[in-house]
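To keep things clear, I will list the structure first and then write my remarks on it.
There are 2 protein chains.
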Amino acid sequence: MLYLIGLGLSYESDITVRGLETVKKCKRVYLEAYTSILMAANQESLEKFYGREIILADRELVETGSDDILKDADKEDVAFLVVGDPFGATTHTDLVIRARELGIKVETIHNASVMNAVGACGLQLYQFGQTVSLVFFTDSWKPDSFYGKIMENRKIGLHTLLLLDIKVKEQSIENMARGRLIYEPPRYMDIATAAQQLLEIESIRQEQAYTPNTPCVAISRLGSPTQTFKAGTLQELSEYDSGEPLHSLVMLGRQVHELELEYLYQFVDDKEKFKKFVEQDQEFFKPAPYVPPEDVDSE
Amino acid sequence: MLYLIGLGLSYESDITVRGLETVKKCKRVYLEAYTSILMAANQESLEKFYGREIILADRELVETGSDDILKDADKEDVAFLVVGDPFGATTHTDLVIRARELGIKVETIHNASVMNAVGACGLQLYQFGQTVSLVFFTDSWKPDSFYGKIMENRKIGLHTLLLLDIKVKEQSIENMARGRLIYEPPRYMDIATAAQQLLEIESIRQEQAYTPNTPCVAISRLGSPTQTFKAGTLQELSEYDSGEPLHSLVMLGRQVHELELEYLYQFVDDKEKFKKFVEQDQEFFKPAPYVPPEDVDSE
Numbered sequence: 492m493l494y495l496i497g498l499g500l501s502y503e504s505d506i507t508v509r510g511l512e513t514v515k516k517c518k519r520v521y522l523e524a525y526t527s528i529l530m531a532a533n534q535e536s537l538e539k540f541y542g543r544e545i546i547l548a549d550r551e552l553v554e555t556g557s558d559d560i561l562k563d564a565d566k567e568d569v570a571f572l573v574v575g576d577p578f579g580a581t582t583h584t585d586l587v588i589r590a591r592e593l594g595i596k597v598e599t600i601h602n603a604s605v606m607n608a609v610g611a612c613g614l615q616l617y618q619f620g621q622t623v624s625l626v627f628f629t630d631s632w633k634p635d636s637f638y639g640k641i642m643e644n645r646k647i648g649l650h651t652l653l654l655l656d657i658k659v660k661e662q663s664i665e666n667m668a669r670g671r672l673i674y675e676p677p678r679y680m681d682i683a684t685a686a687q688q689l690l691e692i693e694s695i696r697q698e699q700a701y702t703p704n705t706p707c708v709a710i711s712r713l714g715s716p717t718q719t720f721k722a723g724t725l726q727e728l729s730e731y732d733s734g735e736p737l738h739s740l741v742m743l744g745r746q747v748h749e750l751e752l753e754y755l756y757q758f759v760d761d762k763e764k765f766k767k768f769v770e771q772d773q774e775f776f777k778p779a780p781y782v783p784p785e786d787v788d789s790e
Numbered sequence: 492m493l494y495l496i497g498l499g500l501s502y503e504s505d506i507t508v509r510g511l512e513t514v515k516k517c518k519r520v521y522l523e524a525y526t527s528i529l530m531a532a533n534q535e536s537l538e539k540f541y542g543r544e545i546i547l548a549d550r551e552l553v554e555t556g557s558d559d560i561l562k563d564a565d566k567e568d569v570a571f572l573v574v575g576d577p578f579g580a581t582t583h584t585d586l587v588i589r590a591r592e593l594g595i596k597v598e599t600i601h602n603a604s605v606m607n608a609v610g611a612c613g614l615q616l617y618q619f620g621q622t623v624s625l626v627f628f629t630d631s632w633k634p635d636s637f638y639g640k641i642m643e644n645r646k647i648g649l650h651t652l653l654l655l656d657i658k659v660k661e662q663s664i665e666n667m668a669r670g671r672l673i674y675e676p677p678r679y680m681d682i683a684t685a686a687q688q689l690l691e692i693e694s695i696r697q698e699q700a701y702t703p704n705t706p707c708v709a710i711s712r713l714g715s716p717t718q719t720f721k722a723g724t725l726q727e728l729s730e731y732d733s734g735e736p737l738h739s740l741v742m743l744g745r746q747v748h749e750l751e752l753e754y755l756y757q758f759v760d761d762k763e764k765f766k767k768f769v770e771q772d773q774e775f776f777k778p779a780p781y782v783p784p785e786d787v788d789s790e
């Protein structure tokens, strides 16, 4: 049996009781170690907590060596641990499809991920549109496919969750070209960088998918002991020191409920100012005012 | 301290290790018992698992008696348990706001909920639009606000998660009018009812937000030992026997990736037929074909 087990967001003990029982009985335990990190734990502390050795699974192993992971999983139990929930990333769907092809049974033990825990910022989950990803820009590569998606969400008044880039075990272009297996230090996009990249693309595209005054919520270290929320405009957040990773960003949509706003006030510098920015932002993509149909009998 | 603790989807042991440790040390333990149910557990089995007495919190207690729940929570630890994740329902945001007003610290221990575990059906979470709720129709009350929201999602190609109605501890209109505290047996909307209600509204509105041939995925008992997925058209699912609760429904958007479709095939009766319906449905809300700008120099 292949067990896909979500680890949740931060602590070793964020694994579920059922997840922990399962890990303990598995023959081999893999930890997917390239799409996210567990903020208040590491390989050593996890091994101690589980009483099991952990095999780190990097992108290469998961994407091209999945048959190694699945070896003998029809006869013995193998655990594949994923930070958050196992179905957060496309890669793991791939692994399940491969397992099924090999006749290996698969069971999933779910856990919290940023996709649902983001509700902790006070914005209602059912009011979110599609989720977008923001990758580190380089001088020559500034992918902006997020822009159209944010526009689509905001046109219908929805909030947008932006997942910020994580670079783990990446090679520099030079090292890659020379075939040297030297990896760059890990990089995690912070809130200021994300906000600056968003502003840069808006200044190029100028289609007003959002503006420097659009209200956002910075979500830092969600679910960890130092979890922090900060609400402000995109401009304000472009100068915000968000501290240690991981971070996500939420851009508000027009349909902000009273209760959502009430909750956000605890995360703002200046309540009245923030409220003004929210009201101002609600003017964008506002539906045309209702005009009653002409009364044909009126003449 | 007030602890909001997510219980996950099904088993007693779906609580996180940290959640369980916390419950065990709390003075009072409430279980929110009206927005969802834990499928493979009940009050008795939970009390045994925690070694603690549980106070069931119905809607009335949570919405009007929150100060009872929060009593002395500034001095002692109180746990408020929620099936899924604590931030799935608006009500709990309310409770947190009230706690903060009273100067009570709040900590959240997250868990999986349908909002992220729905990824287990193989559709990518970032491709979902806003979430909608479907309530039981009566002869005189058929609220259809979901219709416009599905339309908005599908116009931009996104999938829609539909949460199906749960009626727990509800009074009949007659008993309510007579002030009799007699409650109806709990009701959980099944897939066929949901599909029929969707078809009924489409036949009234006729704006083609979807059609009887629109592909959907029925999600039954997500995260439980008898979890089942069934992919088919809305028409097909209107006759589907989905078995025991709980159920959710996903309606596909136009942007179905190859990998998503590949995954869904294991849940269909007839792969070729399903594929044909998906392709047919993708014709709705299709963006206009790209027309290259006229070459002004061509003459």
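Protein chains in written order, with our numbering: chain U, 492 to 790; chain X, 492 to 790. Just so you know, even glycine gets a beta-carbon here, dropped at the ideal spot from N, CA and C. Small disclaimer: the values here were computed from a predicted structure and weren't measured.
* Pair within 7 Å by beta-carbon distance, Cys648 of chain U and Arg509 of chain U -> As a working mapping, residue 648 of chain U is identified with position 157 in the first sequence. As a working mapping, residue 509 of chain U is identified with position 18 in the first sequence. First, the residue type needs correcting, since residue 648 of chain U is Gly and not Cys in the sequence shown. No, the pair does not count as a contact, with Cβ atoms beyond the cut-off.
* Asked: How about Leu625 of chain U and Leu586 of chain U: are their beta carbons less than 7 Å apart?
  -> In the first sequence, residue 625 of chain U corresponds to position 134, counting from 1. In the first sequence, residue 586 of chain U corresponds to position 95, counting from 1. No, the pair does not count as a contact, with Cβ atoms beyond the cut-off.
* 4-residue-minimum alpha helix (DSSP H) runs that sit fully inside the region 531–611 of chain X, ordered along the chain -> As far as the region 531–611 of chain X is concerned, its whole alpha helix (DSSP H) runs of at least 4 residues are 534–541, 550–555, 557–560, 581–592, 605–608.
* To do: Closer than 9 Å by beta-carbon distance: list the chain U residues that pair up with Gly542 of chain X, in chain order.
  => Taking the first residue of the second sequence as position 1, residue 542 of chain X is located at position 51. Within chain U, no residue comes near Gly542 of chain X; the closest Cβ sits about 13 Å away, beyond 9 Å.
* What separation, rounded to the nearest whole angstrom, lies between the Cα atoms of Leu500 of chain U and Asp576 of chain U? -> Position 9 of the first sequence, counted from the first residue, corresponds to residue 500 of chain U. Position 85 of the first sequence, counted from the first residue, corresponds to residue 576 of chain U. If you draw a straight line from the Cα of Leu500 of chain U to the Cα of Asp576 of chain U, it is about 9 Å long.
* Asked: So does the region 610–618 of chain U actually touch the region 659–667 of chain U, counting three or more Cβ pairs closer than 8 Å?
  -> With a cut-off of 8 Å on Cβ pairs, the region 610–618 of chain U is not in contact with the region 659–667 of chain U, counting fewer than three such pairs.
* **Residue from X:Val708, X:Ile588, X:Ser536, X:Val747 with nearest C-alpha to Ala683 of chain X** => If you number the second sequence from 1, residue 683 of chain X lands on position 192. Considering only X:Val708, X:Ile588, X:Ser536, X:Val747, the residue with the shortest C-alpha distance to Ala683 of chain X is X:Val708.
* Asked: At which residue ranges does the region 625–668 of chain X contain complete alpha helix (DSSP H) runs of 4 or more residues, listed in the order of the chain?
  -> 636–646, 664–668, all fully within the region 625–668 of chain X.
* Determine the closest residue to Val520 of chain X out of X:Glu567, X:Met530, X:Thr526, X:Ile528, with distance taken between C-alpha atoms. => Residue mapping note: residue 520 of chain X aligns to position 29 of the second sequence, counting from 1. Answer by Cα proximity: X:Glu567.
* To do: Answer with buried or exposed for Arg645 of chain U, where buried requires no fewer than 16 other C-beta atoms within 10 angstroms of its C-beta.
  => For this step, residue 645 of chain U is matched to residue 154 along the first sequence. The residue in question, Arg645 of chain U, is buried, as its Cβ has 16 or more Cβ neighbours within 10 Å.
* Beta-carbon neighbours of Gly670 of chain X, restricted to chain U and to distances below 7 Å -> For the purposes of this step, residue 670 of chain X is taken as the residue at position 179 of the second sequence. Near Gly670 of chain X there are no residues of chain U at all, since even the closest Cβ is about 30 Å away, more than 7 Å.
* **Gly497 of chain U burial status per 10 Å Cβ neighbour count (16 or more: buried)** => In the first sequence, the residue the question calls residue 497 of chain U occupies position 6. The residue in question, Gly497 of chain U, is buried, as its Cβ has 16 or more Cβ neighbours within 10 Å.
* Return helix, strand or coil for Phe720 of chain X, following the three-state DSSP convention. => Indexing the second sequence from 1 puts residue 720 of chain X at position 229. In the three-state DSSP reduction, Phe720 of chain X falls in the strand class (E or B).
* **Completely contained beta strand (DSSP E) runs for the region 696–775 of chain X, where each covers 3 or more residues** => 706–711, 719–724, 738–742, all fully within the region 696–775 of chain X.
* Given 8 Å as the limit, is there contact between the region 728–745 of chain X and the region 697–712 of chain X, that is, 3 or more CB pairs closer than that? -> Contact holds: three or more Cβ-Cβ distances are below 8 Å.
* With DSSP collapsed to three states, give me the class of Gly620 of chain X. => Reading the second sequence from its first residue, position 129 is the one you call residue 620 of chain X. Residue state, collapsed to three classes: coil.
* Could you spell out where the beta strand (DSSP E) holding Val520 of chain X opens and where it closes? => Residue 520 of chain X sits at position 29 when you count from the first residue of the second sequence. From DSSP, the beta strand (DSSP E) with Val520 of chain X extends over 519–523.
* Of all the CB atoms in chain U, is at least one closer than 7 Å to the CB of Glu790 of chain X? -> Taking the first residue of the second sequence as 1, we reach residue 790 of chain X at position 299. For Glu790 of chain X, the pLDDT reaches just 46, beneath the cut-off of 50, and the residue's location in the model is therefore unreliable, although a value from the coordinates is still provided. Chain U contact via Cβ: absent.
* **N-terminal and C-terminal residue of the alpha helix (DSSP H) that Leu498 of chain U is part of** => Locating residue 498 of chain U in the first sequence gives position 7, where the first residue counts as 1. Going by DSSP, Leu498 of chain U is part of no alpha helix (DSSP H) at all; its letter is neither H nor E.
* Could you check if Ser527 of chain X is buried or exposed, using at least 16 other CB atoms within 10 Å of its CB as the buried criterion? => Against the second sequence, residue 527 of chain X aligns to sequence position 36. Taking all protein chains in view, the Cβ of Ser527 of chain X is crowded by 16 or more other Cβ atoms within 10 Å, so the residue is classified as buried.
* Give the straight-line distance between the Cα atoms of Glu790 of chain X and Ser636 of chain U, rounded to the nearest whole angstrom. => Indexing the second sequence from 1 puts residue 790 of chain X at position 299. Indexing the first sequence from 1 puts residue 636 of chain U at position 145. Residue placement at Glu790 of chain X is poorly supported in this model, since its pLDDT is 46, which falls under 50; the coordinates still yield a value, given next. Cα-Cα distance, rounded: 35 Å.
* Helix, strand or coil for Arg509 of chain X, going by three-state DSSP, please let me know. => Residue numbering aside, residue 509 of chain X sits at position 18 when the second sequence is read from its first letter. In the three-state DSSP reduction, Arg509 of chain X falls in the helix class (H, G or I).
* **Glu503 of chain U versus Phe571 of chain X - alpha carbon distance** => Walking along the first sequence from the start, residue 503 of chain U turns up at place 12. Walking along the second sequence from the start, residue 571 of chain X turns up at place 80. For Glu503 of chain U and Phe571 of chain X, the distance between alpha carbons rounds to 22 Å.
* In chain U, which residues lie less than 7 Å from Thr584 of chain X when you measure between Cβ atoms? -> The residue given as residue 584 of chain X occupies position 93 in the second sequence. In chain order: Gly613, Leu750, Tyr754.
* Asked: From His601 of chain X to Ser604 of chain U, what distance separates their C-alpha atoms?
  -> Residue 601 of chain X sits at position 110 when you count from the first residue of the second sequence. Residue 604 of chain U sits at position 113 when you count from the first residue of the first sequence. Taking the CA atoms as reference points, His601 of chain X sits about 8 Å from Ser604 of chain U.
* How about Ala548 of chain X: is its Cβ closer than 6 Å to a heavy atom in the ligand GDP? -> Although the ligand GDP was asked about, the structure shown includes no ligands whatsoever.
* Residues of chain X with a CB under 9 Å from the CB of Ile546 of chain U: which are they? -> Working through the first sequence from its first residue, we reach residue 546 of chain U at position 55. Those within 9 Å of Ile546 of chain U in chain X number zero; the least Cβ separation is about 22 Å.
* **Residue nearest to Gly579 of chain X in terms of C-alpha spacing, selected from X:Asp549, X:Asn607, X:Thr705** => As a position in the second sequence, residue 579 of chain X is number 88, starting the count at 1. Between Gly579 of chain X and the set X:Asp549, X:Asn607, X:Thr705, the nearest pair of CA atoms involves X:Asn607.
* **Per-residue contacts from Ser604 of chain X into chain C (C-beta, under 7 Å)** => Within the model displayed, chain C is absent; protein chains U and X are what it includes.
* To do: Determine the chain X residues that contact Gly556 of chain U at a beta-carbon separation under 9 Å, and present them in chain order.
  => In the first sequence, counting from the first residue as 1, residue 556 of chain U sits at position 65. Correct list: empty, because the minimum Cβ distance to chain X is about 19 Å.
* To do: List the whole-angstrom C-beta distance separating Leu653 of chain U from Leu690 of chain U, where the pair is believed to meet the contact cut-off of C-beta under 8 Å.
  => For the purposes of this step, residue 653 of chain U is taken as the residue at position 162 of the first sequence. For the purposes of this step, residue 690 of chain U is taken as the residue at position 199 of the first sequence. Their Cβ separation, rounded to whole angstroms, is 13 Å, which puts Leu653 of chain U and Leu690 of chain U out of contact at 8 Å.
* **Backbone CA spacing between Asn533 of chain X and Glu749 of chain X [nearest angstrom]** => Locating residue 533 of chain X in the second sequence gives position 42, counting from the first residue. Locating residue 749 of chain X in the second sequence gives position 258, counting from the first residue. It is roughly 40 Å from the alpha-carbon of Asn533 of chain X to the alpha-carbon of Glu749 of chain X.
* Asked: What does Tyr599 of chain U reach in chain X if we use C-beta pairs closer than 7 Å?
  -> By one-based count along the first sequence, residue 599 of chain U stands at place 108. The residue you asked about is not Tyr; residue 599 of chain U is Thr in the sequence shown. Those within 7 Å of Thr599 of chain U in chain X are Ala611.
* To the nearest angstrom, report how far apart Ser557 of chain X and Val597 of chain X are at their CA atoms. => The count along the second sequence starts at 1 and reaches residue 557 of chain X at position 66. The count along the second sequence starts at 1 and reaches residue 597 of chain X at position 106. Spanning the two alpha carbons is a distance of roughly 14 Å.
* Whose Cβ in chain U lies nearer than 7 Å to the Cβ of Ile496 of chain X? -> Against the second sequence, residue 496 of chain X aligns to sequence position 5. Close partners of Ile496 of chain X in chain U (Cβ separation under 7 Å) are lacking, with about 11 Å as the shortest Cβ gap.
* Inspect the beta-carbon positions of Tyr638 of chain U and Lys660 of chain U and report whether they are closer than 7 Å. => As a first step, residue 638 of chain U must be located in the first sequence, where it is residue number 147. As a first step, residue 660 of chain U must be located in the first sequence, where it is residue number 169. No. Outside cutoff.
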